[in-house]
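Since the structure comes first, as structure tokens, the remarks are kept for the end.
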Amino acid sequence: MSADQYRIVFDGELVAGVSPDTAKSNLIRLFKCDAGKIERLFGHGSVQIKRDLSAREADRYLQALHRAGVQARKEPESAKGFTLAIAEYAPAQPSDAPVITEQMACPKCGHTQPAAIECCSCGIVIQKYLARQALQGETSAQSHSTAHPYAPPRAEVGEPPAEYSELKVFTIHGRIGRLRYLAWSMALMAAALGLLLASGMTFAASTVLGVILTGVFGIGFLLVSIQIGVQRLHDVGWSGWFMLLYLVPIIGTVFPLVVLLMPGNAGPNRFGPPQPPNSRAVKILAALWLLVPVVAILTAIVLPTHQ
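One point on numbering: in the UniProt record's numbering, the residue at position 86 of the sequence shown is 86, and numbering is uninterrupted.
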């Protein structure tokens, strides 16, 4: 055995701040083996993880293990001492006459085979593949890019963001598209017309009651209109305060067309995810707006003839 060959030995010591469960989980991903084999690394004294490495390869291997949360060390192959070999699931086995005859798993494809230099399934040289992965991991850590295969997860695990926003009419939060804006406005107009007729009928019984109901219905109509308009502005990516442009002379006459025709953001924006796909009812209600000019023209023609 040449003097510049080293082996990696693990005594069960962990990196400060890393729990045993976290270290074991990281080692399972590193060696691609089951939990039972990783448990053998702990509580058995010195364990030989890798052998026949050059000084540079041994240093890279130690860095990969350190990122996994364990403190290992390198020893010259000439050093004596009892170790427990785990080459059956180590990422590489360089010698033609392996120390053990148990199985190993390829770190790339996961193929299980007797310990060997190359994977008989994908053909990689396992030791070189492991060294290349360790080098890529170092580069990723220095550039603060995405985590490499040996690193523990850095991002907080949580529920994925919603694909679509929740539809609510009576709120200034959320987003709606152009068709749903037309559909909700049509439903609001129909409801307002019905309530206006109901309040008009109360004038026969009490003028005061009729005025009160008409005022309440008018305020309610205005508030819901603002809520729907704000949600439409959110879909474009604009703040709801743009509704104040309705009060500006000249601009207030053009702004409704902008709100109606401006396409919304295709993906999520600062106001949340996009709206769900338009249902058939939404499309039908939106299409009813095409009847409004027709009814207006017919009314303008019919009323003078009756007078």
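Ideal Cβ placement from N, Cα and C applies to all residues, glycine included. Bear in mind the structure is a predicted one, so any value in this text is a computation, not a measurement.
Measure the alpha-carbon distance for His234 versus Leu223 and round it to whole angstroms.
-> Spanning the two alpha carbons is a distance of roughly 17 angstroms.
Pro274 to Val169 span [Cα, whole Å] | Between Pro274 and Val169, the C-alpha separation is close to 15 angstroms.
So, Gly252 versus Tyr246, is the Cβ gap smaller than 8 angstroms?
-> Closer than 8 angstroms, so yes.
So is Leu27 buried or exposed if we call it buried at 16+ other beta carbons inside 10 Å?
-> When all chains shown are included, Leu27 counts as buried.
Contact between the region 279 to 297 and the region 255 to 262 (3+ Cβ pairs under 8 angstroms) = No: the two stretches stay apart, fewer than three of their Cβ pairs being nearer than 8 angstroms.
Any idea what DSSP makes of Thr112, helix, strand or coil?
-> In the three-state reduction of the DSSP assignment, Thr112 falls in the strand class.
DSSP three-state call for Val70: helix, strand or coil?
-> Residue state for Val70 is assigned as strand, using DSSP reduced to three classes.
Specify the secondary structure class of Arg51 as computed by DSSP and reduced to three states.
-> Arg51 carries a strand assignment under DSSP once its states are collapsed to helix, strand and coil.
Just the Cα atoms here: how many angstroms apart are Tyr61 and Ala72?
-> So the alpha carbons of these two residues sit roughly 9 angstroms apart.
Own chain partners of Tyr164 with C-beta closer than 7 angstroms, once the 5 adjacent residues on each side are dropped = Only Pro273, Pro274, Gln275, Pro276 meet the Cβ criterion.
With 16 as the cutoff for other CB atoms within 10 Å, does Cys119 come out buried or exposed?
-> Label assigned to Cys119: buried.
When we look at the beta-carbon of Pro107 and count the other beta-carbons within 10 Å, is it buried (16 or more) or exposed?
-> So Pro107 counts as buried.
Hey, would you say Arg29 sits closer than 8 angstroms to Lys74, going by beta carbons?
-> Going by C-beta atoms, Arg29 is not nearer than 8 angstroms to Lys74.
Count the other C-beta atoms from every protein chain shown that fall within 10 angstroms of the C-beta of Gln48, then say buried if there are 16 or more, exposed otherwise.
-> With 16 or more Cβ atoms within 10 Å of its Cβ, Gln48 is classed as buried.
Nearest neighbour of Ile172, chosen from Phe271, Phe217, Arg132, Ile297 [CA to CA] = Considering only Phe271, Phe217, Arg132, Ile297, the residue with the shortest C-alpha distance to Ile172 is Phe271.
Alpha-carbon to alpha-carbon, Gly17 and Ile100 | Low confidence applies to Ile100: its pLDDT is 37, below 50, so where it sits in the model is not reliable, and the reading given next is rough at best. Distance between Ile100 and Gly17, taken at the CA atoms: about 34 angstroms.
Limits of the beta strand (DSSP E) - the one that Leu233 falls within = From DSSP, Leu233 is part of no beta strand (DSSP E) but of the alpha helix (DSSP H) over 207 to 236.
Taking Cβ to Cβ, would you say Met243 is nearer than 8 angstroms to Val254?
-> Their beta carbons are not under 8 angstroms apart, which means Met243 does not touch Val254 by this criterion.
Does the distance from the CB of Gly174 to the CB of Leu167 come in under 8 angstroms?
-> Leu167 is positioned such that its CB atom lies closer than 8 angstroms to that of Gly174.
Nearest to Arg67 by CA position, among His111, Ala105, Thr22, Asp11, is which residue?
-> When each option's Cα is compared against that of Arg67, the closest is Thr22.
Would you call Ser199 buried or exposed, if buried means 16 or more other Cβ atoms sit within 10 Å of its Cβ?
-> Buried is the call here.
From Leu298 to Asn269, what distance separates their C-alpha atoms?
-> Those two C-alpha atoms are separated by around 43 angstroms.
Please go through the same chain and pick out, in chain order, the residues whose beta-carbon is closer than 7 angstroms to the beta-carbon of Asp4, but skip the five residues on each side of it.
-> Result list for Asp4: Ser54, Ala55, in chain order.
Range of the contiguous beta strand (DSSP E) that encloses Phe170 = From DSSP, Phe170 is part of no beta strand (DSSP E); its letter is neither H nor E.
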